[in-house]
Structure formats: C-alpha cells, structure tokens
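Quick note on the working numbering: the sequence shown kicks off at 3 and runs consecutively.
Glycine included, every Cβ here is placed at the ideal spot set by N, Cα and C.
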Amino acid sequence: MQSNVMMDTATPATSTASPAIARPATVATPTERLHGLDALRAGALMLGVLLHASMSFLPGAKFFWVVSDNQKTELLGPVFFVIHQFRMPLFFMLAGYFAHMALQKKGLPVFVKDRLKRIALPLLLGWPVIFTAIVAAIVLAAWVRNGGSLPSKSPPSPAFTADSFPLAHLWFLYMLALLYAVYLSVWACCRQLGALPRLQRFADVLTPALAGWFGPVLLALPVALALFYTPYWVSWFGVPTPDQSLYPGRAAWVSFGMAFGFGWMLQQSPASLMQWQKRWAWHLCLAVLMAGVCLYLTELAPQLMPAVHDENKLIYACLYATAAWNFCFGLTGMALKFMHHASLGIRYLADASYWVYLVHLPLVMALQALVSRSEWHWVFKLAAVLLGTLTVALLSYHYLVRFTFIGKVLNGQRQSKPARAEDT
3 MQSNVMMDTA TPATSTASPA IARPATVATP TERLHGLDAL RAGALMLGVL LHASMSFLPG
63 AKFFWVVSDN QKTELLGPVF FVIHQFRMPL FFMLAGYFAH MALQKKGLPV FVKDRLKRIA
123 LPLLLGWPVI FTAIVAAIVL AAWVRNGGSL PSKSPPSPAF TADSFPLAHL WFLYMLALLY
183 AVYLSVWACC RQLGALPRLQ RFADVLTPAL AGWFGPVLLA LPVALALFYT PYWVSWFGVP
243 TPDQSLYPGR AAWVSFGMAF GFGWMLQQSP ASLMQWQKRW AWHLCLAVLM AGVCLYLTEL
303 APQLMPAVHD ENKLIYACLY ATAAWNFCFG LTGMALKFMH HASLGIRYLA DASYWVYLVH
363 LPLVMALQAL VSRSEWHWVF KLAAVLLGTL TVALLSYHYL VRFTFIGKVL NGQRQSKPAR
423 AEDT
C-alpha cells in the first residue's frame, strides 16, 4: 500500500465502520480510490509553487517577502489572490476526506501511529533543516540586494516562543496535527459513548445539504464572521495563517477546521461528491465572479492596510469565503469529471507532492534572489524560478527520497519498481 500526507492511496476495501450500502455503479463507494483527486492534489501543488514564486514580483514585495525583484507587475496580483483564496481550504478538505478513509481502513491505533510517523516526525525533524535552508536563502537575498556584500546590520532573530515561532510553510503540518488531535478525540469519545451511529445519521443528513447548490454559502458564513471579527485583518491576504505562532487564530481554526470536518463527512457521502461533476462549471463561474468583485473592492496589487471595520468589510468577507468554497466545489467536480482514469504521471506527481511541499520554499527564495537584479522580463524570471524549483525538487525526490527511508516515512512502504496504475 502507498500513501501520502493529504491522501491515503488505499486500495478499495469494505468499510468496517458502517454496514455496506448498495450504491449505483456510477457512484464511488466510500473507500474507493478517486483518481481525479490525485490530479487535483498535484495541480494544487503546482499552484502552490507558483504562489510563492510570484511573490517577489508583486508591487510592495519588500514589505511582506524576503525578495523584492526589480521587475514588478500587477498582473500577478489576481493570480496570487485567487490561488491563496482556495488552495488551503481545498487541501484541508482533502485531508479530512482521506483521513476518515484511512481511519476506517486502519483502525484508530494504527492510524494514530501512521500520522505520528508521517506528520509529527517530518515536522519535528524537518523544521530545523528547512528553517536553516530558509535562513540561508534570506542571507543570499540580503547579499544580492546589498550589491554582493552582507549588510552591517542583521535583522532581529525570532523569539522562538509560542507567540513568535517561525513555522514558515510548515504551519500546514502543525495545523493538520492539531486538527487530527481534535477530531480523533471527538471520534474516540463518541465511539466510547456509543454515539457514532447517531452522529453518522446526523452527518448523512447534513452533508448533502452542505454539498448542495447553497453549500458554499453555508460553509462560508462562519468563515466570513471569523474574518470580520479578526482585529486588524489585512483582507487582501485572506485567512491569516499561523506561520509565525504556535497559536492559530480564530479565523484559521474556523476556516481550516471546517474544511477538514466537511471533508471528513464528505467521505461517507460519495453521491454528494459526485454531484459536483454536474455543477463544476457553474461553481467555477460563480467563484471567478465573486473573486473579481473582491479584487474590485480592493485592488489588483496587494493592500497591506487593515480593513476598516464596517459593512464593506463584512460584504467582502462573505464574498471572499463564498468564492473560496465555490472554487473548492468546482475544481473538485472538474477533476472528478475529466481525470477519473488512472495516470502514472499524475500518480507520480501526487506521490511527490509531500516532498515538493517540504523543500520548495527555500529553493524558491534562493532562485528569486539570484534573478532579482537581472534585466530579464519578469515572465522569464518567473519561469526560471518555477523550472529551477520543480527540477531540483522532483529530481531529489526521485533519486534521494522515493525508494529510501525518507520516502518510507513520508509516503509509506514502496516497491522498488512502480506498480501499474491499475494495480495501485
């Protein structure tokens, strides 16, 4: 069996948590592998690299990023804005979906051991290495920016306290570990009290409603309220992520916690998931329209001033969150509709996604620094950063990770030769 942090590639099996239910042949069973979700995850991975690669070219980058390129463009503003809007809710929804599937297949003790190995261990052992690489990239950026010499004054070091801890992009693993702890505690308590069947019946009613036409609105309302009541909310950057603290904010708990929980429930409602195949275009059209209105209310370039606490802030928060969920519905439906066949290429990228996620940020920063003072057009610079990052990340995965101890920790046991797609 092969697996990944956000998706367990479990082979079809009958769930032990609930009785088998007769389903139409066109509807996936709760433990059946959906190849479209592999494609979706791989695509979201590439967009994540693009997201960080674009940041040095955004106007005002020196105020929020370690590299500020001499070529700036507002054209990348909407690209960053939209990707940032939906990417993390989508990842947490997928994480909840496949966590529930893995829990059913493995059972609680094995599942907990598996997540400790594949989430907690990479976080604890990987963070010092990756943080050191990020610091090296920051030093390189300062060296380039200062004309080939290091500035006399160094920036202040992080306090490394719970309130000020530089998790960087590994905040995702930290947040995921917290959500595992919360949901598994609730699940274990409900099982101990014999309340799981009642809870499942409630979820069977709630999930189709949340996955329906008005689901994005229902899912967005709590997120919008959390954003509205976030003090000094910089609205252009969406949900504040806990990348500099061990205390996730209210908006992060609500947004990512709801996405994880919705994915958890969605795993037991494959018919609801399949409905998105029919409506994907409508959801994407609504998402693009709402995201466009959000950009109209702010600007194409990043805005760093906190939103004024008035009715416009509430309207913006509602539009932002609803657009994010429409993107999640639409992209998932599109992936399931058009990429439902097994593909070795997509499967390979999906397997590599965890490693690429871990190592891409210092690579992006270093390459951004190296091209930041050249006179190339920003399009060629961005292409160089993307190509260089993905080349190093994928080659290192293939030769140093895929069939090694690191790969076993990140992705589970793997055969020395790739199995055919239909056998996995």
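Residue i lies in the alpha helix (DSSP H); which residues open and close that run?
{"i": "E377", "result": "No alpha helix (DSSP H) holds E377; DSSP gives it neither H nor E."}
{"i": "A325", "result": "E313 to F340"}
{"i": "L152", "result": "Here L152 belongs to no alpha helix (DSSP H), and DSSP marks it neither H nor E."}
{"i": "R147", "result": "L123 to R147"}
{"i": "A344", "result": "Taken as a continuous stretch (DSSP letters only), A344 belongs to no alpha helix (DSSP H), as it is neither H nor E."}
{"i": "V51", "result": "H37 to S56"}
When DSSP labels each residue in this structure, what does residue i get in the three-state scheme?
{"i": "T300", "result": "coil"}
{"i": "D165", "result": "coil"}
{"i": "F174", "result": "helix"}
{"i": "A15", "result": "Note on A15: pLDDT 38, under 50, position unreliable in the model; no value is reported."}
{"i": "L288", "result": "helix"}
{"i": "G240", "result": "coil"}
{"i": "F405", "result": "coil"}
{"i": "M307", "result": "coil"}
{"i": "S274", "result": "helix"}
{"i": "F1", "result": "There is simply no residue 1 to check, as the chain begins at 3 and stops at 426 in what is shown."}
{"i": "Y249", "result": "coil"}
{"i": "Q106", "result": "helix"}
{"i": "F216", "result": "coil"}
{"i": "Y399", "result": "helix"}
Please go through the same chain and pick out, in chain order, the residues whose beta-carbon is closer than 7 angstroms to the beta-carbon of residue i, but skip the five residues on each side of it.
{"i": "F264", "result": "M95, G98, L212 and L221"}
{"i": "T75", "result": "F59 and W380"}
{"i": "A354", "result": "L396 and Y399"}
{"i": "A325", "result": "Q87, A289, M292, A293 and C296"}
{"i": "V387", "result": "A55, V366, L369, Q370 and V373"}
{"i": "N72", "result": "S374 and R375"}
Would you kindly work out how many angstroms separate the C-alpha atoms of residue i and residue j, rounded to a whole number?
{"i": "L125", "j": "L152", "result": "31 angstroms"}
{"i": "S166", "j": "V69", "result": "22 angstroms"}
{"i": "H342", "j": "G38", "result": "5 angstroms"}
{"i": "A104", "j": "S237", "result": "36 angstroms"}
{"i": "V290", "j": "N413", "result": "34 angstroms"}
{"i": "F407", "j": "Y401", "result": "12 angstroms"}
{"i": "A385", "j": "S156", "result": "31 angstroms"}
{"i": "H2", "j": "R203", "result": "Nothing in the structure corresponds to residue 2, since the chain is present only between 3 and 426."}
{"i": "F113", "j": "W357", "result": "21 angstroms"}
{"i": "W129", "j": "A337", "result": "32 angstroms"}
{"i": "S17", "j": "G259", "result": "With a pLDDT of 39 at S17, under the threshold of 50, the modelled position of that residue is not reliable, and no figure is offered here."}
{"i": "R120", "j": "G294", "result": "38 angstroms"}
{"i": "F262", "j": "D245", "result": "18 angstroms"}
{"i": "L127", "j": "C287", "result": "42 angstroms"}
{"i": "K383", "j": "Y231", "result": "39 angstroms"}
So, for residue i: in the same chain, excluding its five sequence neighbours on each side, which residues have a beta-carbon less than 6 angstroms away from its beta-carbon?
{"i": "Y322", "result": "C296"}
{"i": "S271", "result": "T209"}
{"i": "F329", "result": "F88 and A289"}
Kindly list the residues whose CB is nearer than 8 angstroms to the CB of residue i, restricted to its own chain and excluding five residues on each side of it in sequence; keep chain order.
{"i": "F482", "result": "There is no way to answer for residue 482, as the model of the chain reaches only from 3 to 426."}
{"i": "A303", "result": "L60, P61, G62, E76 and G79"}
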